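Note sheet for the following structure.
Residue numbers (UniProt numbering): 1 to 185.
Here it is, written out as structure tokens:
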């Protein structure tokens, strides 16, 4: 009798750990989907940002497009790469839901998550500097703020940055969750 109760106690303490690991895996999947939406939305918003203003006549026009600045092009490419990675990581995340005890695949996923976070933050931070210059300018170097004229363009690229930083925060939470899941092993 005493031996069977000891087995029950041991088995019952094992069950909540599996439930917590499965919950962490489901949360990981949901956060990956949300990060994908943020990064893809940011890439699309920045990639379609353009505005044209007439100048004196209809033959001369001023144009602002994302691909006029290499930094904004890098932003679109970085967000596109991270979005593609997040879609490709979803099947592995589903695997972790089914097999909560998987360890090696979590480690590999955590390494790639960290690399993608670095890429995403590099693209977003370099573009944030350009967006700041577009809004405020720099009078010491005679760079005038263009957002007074290209209002729609500036609103779009600013919103794109917000989505990208949201994706970066979600990736940070995903990395922390993966670390928690690995530490529980």
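Cβ coordinates follow ideal geometry from the N, Cα and C atoms, glycine included.
On a predicted model such as this, the values are computed, not experimentally measured, just so you know.
Which value, in whole angstroms, describes the spacing of the CA atoms of residue i and residue j?
i           : j           : result
residue 141 : residue 133 : 11 Å
residue 114 : residue 184 : 20 Å
residue 163 : residue 42  : 5 Å
residue 70  : residue 166 : 22 Å
residue 49  : residue 64  : 8 Å
residue 154 : residue 135 : 7 Å
residue 110 : residue 118 : 12 Å
residue 26  : residue 139 : 50 Å
residue 30  : residue 68  : 35 Å
residue 107 : residue 20  : 18 Å
residue 22  : residue 47  : 37 Å
residue 131 : residue 102 : 42 Å
residue 90  : residue 66  : 30 Å
residue 79  : residue 145 : 26 Å
Between which two residues does the alpha helix (DSSP H) holding residue i run?
i           : result
residue 68  : Note, residue 68: premise wrong, no alpha helix (DSSP H); not H, not E.
residue 151 : 151-183
residue 112 : 104-136
Give a single yes or no on whether residue i has its beta carbon closer than 6 Å to a heavy atom of the ligand FAD.
i          : result
residue 66 : Of the ligands one can find in the structure shown there are none, so the ligand FAD has no counterpart to examine.
Would a C-beta distance cut-off of 7 Å place residue i and residue j closer than the cut-off?
i           : j           : result
residue 174 : residue 28  : yes
residue 34  : residue 85  : no
residue 24  : residue 122 : no
residue 87  : residue 120 : no
residue 32  : residue 93  : yes
residue 45  : residue 137 : no
Please determine if the segment 115-129 and the segment 71-81 are in contact, where contact requires at least 3 C-beta pairs separated by less than 8 Å. yes
Item to complete: Mind the definition here: the segment 30-39 touches the segment 162-173 only if three or more C-beta pairs lie below 8 Å; say whether that holds.
Response: yes
Kindly confirm or deny that the segment 139-153 and the segment 93-109 touch, where touching means at least three C-beta pairs closer than 8 Å. Per the Cβ contact rule, the segment 139-153 is not in contact with the segment 93-109 (fewer than 3 Cβ pairs under 8 Å).
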